[in-house]
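I have placed the structure first, in the form of structure tokens, so that the comments after it can refer back to it.
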Amino acid sequence: MKKIYYFSITFLLLIISCKKENLPIDEYELSIPKGFPKPTIPDNNKPSADRIELGRRLFFDPILSRDSSISCASCHHIDKKFTDGLPISRGIENRLGIRNAPSLLNVAYQPSMFWDGGVPNLEQQILAPIESHFEMDFNLPDVVTRLNNIEEYKTLSQKAYNQLPSIFSVTRAIACFERTLFSGTSKYDDYIYNNNKSALTASEINGMNIFLGEDGECFHCHGTYLFTDNSFKNNGIYLNYNDSGRARITQLTSDVGKFKVPSLRNVAMTAPYMHDGSFATLEEVVEHYNSGGKAHPNKSGLLLPLNLTTQEKTDLVNFLKALTDEK
Amino acid sequence: MKKLSSILILAIIFLATSCKKDEAAPKNTKQVLDFHWHSMVGSAEAALATTYTSNGVKFNLSSWRYYVSNFILIKADGSELKIADKVFLINMLEHDYSLDSVPVGNYKGFKFTLGLDSITNHKDPTLYSSENPLAIQTPGIHWSWNSGYIFFMAEGQYDSTATTLSPNKEFFFHVGTDELKRTIDFSNSPFSVVSGADKTIGIEMDFLKAIENLDLETENATHSFGALKPTAVKIANNWQAAFSLE
Numbered sequence: 062m063k064k065i066y067y068f069s070i071t072f073l074l075l076i077i078s079c080k081k082e083n084l085p086i087d088e089y090e091l092s093i094p095k096g097f098p099k100p101t102i103p104d105n106n107k108p109s110a111d112r113i114e115l116g117r118r119l120f121f122d123p124i125l126s127r128d129s130s131i132s133c134a135s136c137h138h139i140d141k142k143f144t145d146g147l148p149i150s151r152g153i154e155n156r157l158g159i160r161n162a163p164s165l166l167n168v169a170y171q172p173s174m175f176w177d178g179g180v181p182n183l184e185q186q187i188l189a190p191i192e193s194h195f196e197m198d199f200n201l202p203d204v205v206t207r208l209n210n211i212e213e214y215k216t217l218s219q220k221a222y223n224q225l226p227s228i229f230s231v232t233r234a235i236a237c238f239e240r241t242l243f244s245g246t247s248k249y250d251d252y253i254y255n256n257n258k259s260a261l262t263a264s265e266i267n268g269m270n271i272f273l274g275e276d277g278e279c280f281h282c283h284g285t286y287l288f289t290d291n292s293f294k295n296n297g298i299y300l301n302y303n304d305s306g307r308a309r310i311t312q313l314t315s316d317v318g319k320f321k322v323p324s325l326r327n328v329a330m331t332a333p334y335m336h337d338g339s340f341a342t343l344e345e346v347v348e349h350y351n352s353g354g355k356a357h358p359n360k361s362g363l364l365l366p367l368n369l370t371t372q373e374k375t376d377l378v379n380f381l382k383a384l385t386d387e388k
Numbered sequence: 006m007k008k009l010s011s012i013l014i015l016a017i018i019f020l021a022t023s024c025k026k027d028e029a030a031p032k033n034t035k036q037v038l039d040f041h042w043h044s045m046v047g048s049a050e051a052a053l054a055t056t057y058t059s060n061g062v063k064f065n066l067s068s069w070r071y072y073v074s075n076f077i078l079i080k081a082d083g084s085e086l087k088i089a090d091k092v093f094l095i096n097m098l099e100h101d102y103s104l105d106s107v108p109v110g111n112y113k114g115f116k117f118t119l120g121l122d123s124i125t126n127h128k129d130p131t132l133y134s135s136e137n138p139l140a141i142q143t144p145g146i147h148w149s150w151n152s153g154y155i156f157f158m159a160e161g162q163y164d165s166t167a168t169t170l171s172p173n174k175e176f177f178f179h180v181g182t183d184e185l186k187r188t189i190d191f192s193n194s195p196f197s198v199v200s201g202a203d204k205t206i207g208i209e210m211d212f213l214k215a216i217e218n219l220d221l222e223t224e225n226a227t228h229s230f231g232a233l234k235p236t237a238v239k240i241a242n243n244w245q246a247a248f249s250l251e
């Protein structure tokens with residue numbers, strides 16, 4: 062009897078999944094976390110099962126790099142919440158990049174890409190790691206040539222975008238896949254969105270109050286369901302920045318040392334921290350903010366010495382750890 | 006009433022057809038305007054594997070490409086005829102570029118932009134079909150990390166010792182950003198487009214003039230940003246003087 066039960070469940074699941082495959086493009090439903098709004102998605106790249114599948118395959122395929130040695134997933138590991146655990150990412154031939162790999166979770170909500178916001182959307186972002194000499198050191202036209210020699214990619218691209226593999230279909234598909242990467246199942250979410258008051262410990266709740274209150278002031282930049290306002294801030298980690306950050310794009314001295322405020326979701330699993338991975342632990346990060354940071358002329362006015370007690374710092378770190386996804 | 010309208014219609018049809026009949030052989034009101042585009046190094050066409058000299062420093066070119074766009078023809082009455090959406094990616098090894106059809110007539114001259122207007126410059130390059138000069142090229146001529154095109158891209162080697170017989174060290178000039186586009190003005194260079202014959206304008210850009218005030222020993226790399234920006238500004242400011250008509 063039990064066997065039949067499991068069989069029916071499997072059968073039902075199959076029917077459901079089949080249905081999803083056949084849904085017209087504008088009806089495909091992303092699995093958006095509870096309490097999150099619908100992300101804005103470009104009209105020419107609405108999600109479909111085929112598009113996401115093509116993007117998923119490309120994301121994990123080292124065919125995108127010149128010597129076929131690294132894929133997107135090499136710097137955006139699933140088991141490290143789509144980061145790589147390194148201070149600065151490594152490209153082909155172990156070449157040293159320039160910055161720390163950011164997580165891709167909730168990337169659908171980001172209004173600009175990279176630590177300096179140099180590119181406006183995911184579709185165009187994909188060009189950069191492929192072309193960078195420090196990363197994949199390759200180019201899109203040659204990627205497309207390679208893909209057109211593989212029957213599976215030809216079929217999938219036709220199904221997904223009604224064309225053979227092209228710069229358009231490759232960049233769109235990877236973006237489409239990346240927009241399915243959500244994060245919103247932490248203990249904090251259970252506490253807030255499911256109203257489960259026992260989800261957080263007393264220490265975590267105390268940490269949350271420091272985070273969201275005037276004792277920590279963290280929420281000004283790391284607010285909302287995303288734990289970032291996606292602005293560019295100088296957080297005073299240096300007096301002299303080797304990497305000019307946002308100024309690399311805007312050419313403004315007033316933007317020197319400003320970097321995009323990162324989300325803090327899963328932050329306990331995405332060490333090391335900052336644009337250059339210069340802080341190894343959350344304790345070091347909290348200590349930095351407690352100190353108020355170095356007196357760079359562009360340093361955000363929100364950074365002031367906090368004078369937190371040892372217990373308060375521990376509580377704050379415990380709260381940050383409660384932002385890790387449970388699923 | 007019915008009769009009257011029928012007569013009127015018939016008359017109109019008759020007039021229309023007879024008018025056509027009376028006309029002589031049709032004259033073209035438009036003709037193709039082509040450019041014969043020469044990328045020069047001094048008095049010679051730019052070529053690969055050739056050693057040149059700038060301010061006493063030997064160099065060669067492995068590639069030299071540049072975007073020109075926003076062509077404007079200045080009509081005899083001074084009004085401007087904008088040629089929309091026409092962008093050329095000039096390659097030093099290629100000479101023929103066509104503006105397509107333009108109205109027959111006398112023109113006072115023309116002008117164009119070396120580079121791209123800011124809207125085109127920041128459009129998504131992945132949306133163009135592969136024949137479009139604005140599509141992603143191999144090798145690339147678009148900055149993927151800040152989303153803008155390289156307007157003028159020249160690469161090769163220079164002699165870093167001033168003693169070797171041949172160039173031995175890489176140089177690269179990647180000039181771009183909205184700020185560094187330049188208008189190239191030939192508004193006082195009259196030409197005529199006559200019916201029945203396509204028009205070709207011969208134009209030259211001299212690389213030596215584009216890098217005239219650069220010392221290749223010290224100014225041999227720029228990507229138009231930060232500390233390397235001044236070299237790019239110097240090059241962009243030389244562009245007008247580097248052009249001439251044949």
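So the sequences go chain by chain: A and B. Counting in the working numbering, the first sequence runs from 62 upward without gaps. Counting in the working numbering, the second sequence runs from 6 upward without gaps. Built from N, CA and C at the ideal position, the CB exists for glycine as well. Values in this document were obtained by computation on a predicted structure and should not be read as measured data.
- B:F230 belongs to the set of residues whose beta carbon lies under 8 Å from a beta carbon in chain A.
- Scanning its chain for C-beta atoms nearer than 8 Å, with the 5 sequence neighbours on each side dropped, one finds around A:M197 the residues L125, S126, R127, I131, G152, I153, P190 and I191, in chain order.
- The segment 307-326 of chain A and the segment 366-377 of chain A do not touch, with fewer than 3 CB-CB distances between them shorter than 8 Å.
- Cβ-Cβ distances below 6 Å link B:A159 to W69 and F178 in the same chain, with the five nearest sequence neighbours on each side left out; the list follows chain order.
- Assignment of beta strand (DSSP E) within the segment 223-250 of chain B, counting only whole runs of 3 or more residues, yields 248-250 in chain order.
- Straight-line spacing of the CA atoms in B:K214 and B:P130 works out to 31 Å.
- Here A:E114 has L217 as same chain residues with Cβ atoms under 7 Å from its own Cβ, once five neighbours each way along the sequence are excluded.
- Straight across, the Cα-Cα distance linking A:N301 with B:L66 is about 38 Å.
- Contact annotation for B:P144 against chain A: N200 [CB-CB distance below 9 Å, chain order].
- Here DSSP, grouped into helix, strand and coil, assigns B:N96 to strand.
- With respect to B:N193, B:K113 sits close: the two C-beta atoms are nearer than 8 Å.
- For B:K204, the enclosing beta strand (DSSP E) has its first and last residue at K204 to D211.
- For A:D111, the uninterrupted alpha helix (DSSP H) segment begins and ends at A110 to F120.
- In this structure, B:P144 and B:L94 do not form a Cβ contact; the two beta carbons are roughly 12 Å apart against a cut-off of 8 Å.
- Going by DSSP, A:N296 is part of no beta strand (DSSP E) at all; its letter is neither H nor E.
- Every alpha helix (DSSP H) of 4 residues or more that sits fully in the segment 300-372 of chain A is shown, in chain order, as 308-311 and 343-352.
- For B:L94, the closest Cβ of chain A is not nearer than 8 Å.
- For B:D122, no chain A residue has a C-beta closer than 7 Å to its own C-beta; the minimum C-beta separation is roughly 17 Å.
- Going by DSSP, A:N270 is part of no beta strand (DSSP E) but of the alpha helix (DSSP H) stretching over A263 to L273.
- Contact between the segment 318-328 of chain A and the segment 282-302 of chain A is present: three or more C-beta pairs spanning the two stretches fall below 8 Å.
- Runs of the beta strand (DSSP E) lying entirely within the segment 63-118 of chain B and spanning at least 3 residues, in chain order: 85-87, 93-96 and 101-108.
- In terms of Cα proximity to A:Y222, the closest of A:M330, A:A234, A:G158 and A:G277 is A:A234.
- DSSP places A:E387 in no alpha helix (DSSP H); its state is neither H nor E.
- Taken through DSSP and simplified to helix, strand or coil, A:D145 comes out as coil.
- Annotation for A:G96: G245, D250, I253, Y254 and Y286 place their beta carbon closer than 8 Å to its own, counting only its chain and skipping 5 residues before and after.
- Inclusion of B:F212 and B:L185 in the CB contact set at 8 Å is not warranted, their separation being larger than that value.
- Contacts with chain B (Cβ-Cβ distance below 9 Å) from the segment 180-206 of chain A involve V180, P181, N182, E184, Q185, Q186, I187, L188, A189, P190, I191, E192, S193, N200, L201, P202, D203 and V205, listed in chain order.
- In this structure A:P148 is in contact with A:P333, their Cβ atoms being roughly 5 Å apart against a cut-off of 8 Å.
- Of the candidates A:L261, A:I159 and A:D111, A:L261 places its Cα closest to the Cα of A:K248.
- The C-beta of A:F175 comes closer than 8 Å to at least one C-beta of chain B.
- Shown here for B:G153: same chain residues with a beta carbon closer than 7 Å to its own, the five before and five after excluded, namely N126, H127, G181 and T182 in chain order.
- A check of alpha carbon separations from B:F191 across B:L233, B:E85 and B:T34 identifies B:E85 as the nearest.
- Any Cβ of chain A closer than 8 Å to the Cβ of B:I216 would place that residue at the interface, and such an atom is absent.
- Going by DSSP, B:V198 is part of the beta strand (DSSP E) stretching over F196 to V198.
- Contact check for B:L221 against B:F176 passes: the beta carbons are separated by less than 8 Å.
- Identification of residues in the segment 221-246 of chain A having a C-beta nearer than 9 Å to some C-beta of chain B yields S227, I228, F229, V231, T232 and R233, given in sequence order.
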